[in-house]
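Visitor:
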Amino acid sequence: MAALKTKGLSKTYLWGFLAVVVGLVVGLVIWNYGIPSISGAGSKYQPTIKLEGGTLPPLELTDQYGRPFNLDMVKGKAVLIYFGYTNCPDVCPVVLQKFTKTLNALGADADKIAFVFVSVDPWRDTPEALRDWVNRYFDPRIIALTGPKEKIFQIIAEYKVPVYYTDEKGNPVNPEELPPGTRYFVSHFSWVLGADRGHSLRLALTPEMDEKEYVDAARWLISQ
Numbered sequence: 001m002a003a004l005k006t007k008g009l010s011k012t013y014l015w016g017f018l019a020v021v022v023g024l025v026v027g028l029v030i031w032n033y034g035i036p037s038i039s040g041a042g043s044k045y046q047p048t049i050k051l052e053g054g055t056l057p058p059l060e061l062t063d064q065y066g067r068p069f070n071l072d073m074v075k076g077k078a079v080l081i082y083f084g085y086t087n088c089p090d091v092c093p094v095v096l097q098k099f100t101k102t103l104n105a106l107g108a109d110a111d112k113i114a115f116v117f118v119s120v121d122p123w124r125d126t127p128e129a130l131r132d133w134v135n136r137y138f139d140p141r142i143i144a145l146t147g148p149k150e151k152i153f154q155i156i157a158e159y160k161v162p163v164y165y166t167d168e169k170g171n172p173v174n175p176e177e178l179p180p181g182t183r184y185f186v187s188h189f190s191w192v193l194g195a196d197r198g199h200s201l202r203l204a205l206t207p208e209m210d211e212k213e214y215v216d217a218a219r220w221l222i223s224q
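One point on numbering: in this note's numbering, the residue at position 38 of the sequence shown is 38, and numbering is uninterrupted.
1) By Cβ distance, which residues of its chain are closer than 6 Å to alanine 78, with the 5 residues on each side in sequence left out?
2) Could you tell me if threonine 55 is buried or exposed, where buried requires 16 or more neighbouring beta carbons within 10 angstroms of its beta carbon?
3) State the Cα-Cα distance for the pair proline 162 and valine 95, rounded to the nearest angstrom.
4) In three-state DSSP terms, what is valine 161?
5) Give the range of the beta strand (DSSP E) segment to which phenylalanine 83 is assigned.
6) Between which two residues does the alpha helix (DSSP H) harbouring valine 215 extend?
7) For glycine 147, which beta-bridge partners are listed by DSSP?
8) Comparing alpha-carbon positions, which option in Leu106, Lys149 and Tyr137 lies nearest valine 118?
9) Buried or exposed: which applies to lysine 98, given that a residue is buried once 16 or more other Cβ atoms fall within 10 Å of its Cβ?
10) For phenylalanine 138, collect the residues of the same chain with a Cβ closer than 6 Å to its Cβ; drop the 5 residues on either side in sequence, then sort them by chain order.
11) Is the separation between the beta-carbon of arginine 202 and that of proline 47 shorter than 8 Å?
This is the structure:
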């Protein structure tokens, strides 16, 4: 597996990005899933962040191999789903590295859970770009999804995941109006949503949580 090099950020952009992400996390969780409950440590695993947000909304997109995908194709499997983009300079690579380590740690149980990455950057994240990124740096068993911007925006709205496109200084931009090759970033919700084998939302994971938390959460979702 190739070593992943993340891109540098200006200090102005970094602080602006962090402020937006913190606001998105708090706002989205309360708005979409209710106030989360935080579990204490115990000998038997319980999710650190529990969610009760109903069933996962539909998800019909194209995977990194150009094949159509929907959640019915992983019916009966638990799901960990993350929204991000391949040019992400920080949290997205961290989360997908943890997905990769979790898949390896699960062994045969890896077939009982789907790890899903949904791109929020339809302009740059073609199926080919997703395939190159995931297969080069992470585990090819991760299902990476993209689609037309109209479809992506529909899914973002249904999942109530705030997304903002900015330049390096944190100023809002419309990617469609930028000259070709212009660098831009996507400020987006950074938590992983976890659903059980009936696709009911049960927990959330953060990029800061360690690999053990991801593995324990995956096993717990599989058992539900």
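Where a beta carbon is used, it is the ideal one built from N, C-alpha and C, also for glycine.
Model, not experiment: these values are computed from the prediction.
Guide: This is what the structure holds:
1) Ile113, Asp196, Arg197, Leu221 and Ile222
2) exposed
3) Cα to Cα, the separation comes out at about 18 Å.
4) coil
5) 78–84
6) 211–223
7) Glycine 147 pairs with nothing; no bridge assigned.
8) Closest in C-alpha terms to valine 118, from the list Leu106, Lys149 and Tyr137, comes Lys149.
9) buried
10) Leu96 and Thr100
11) yes
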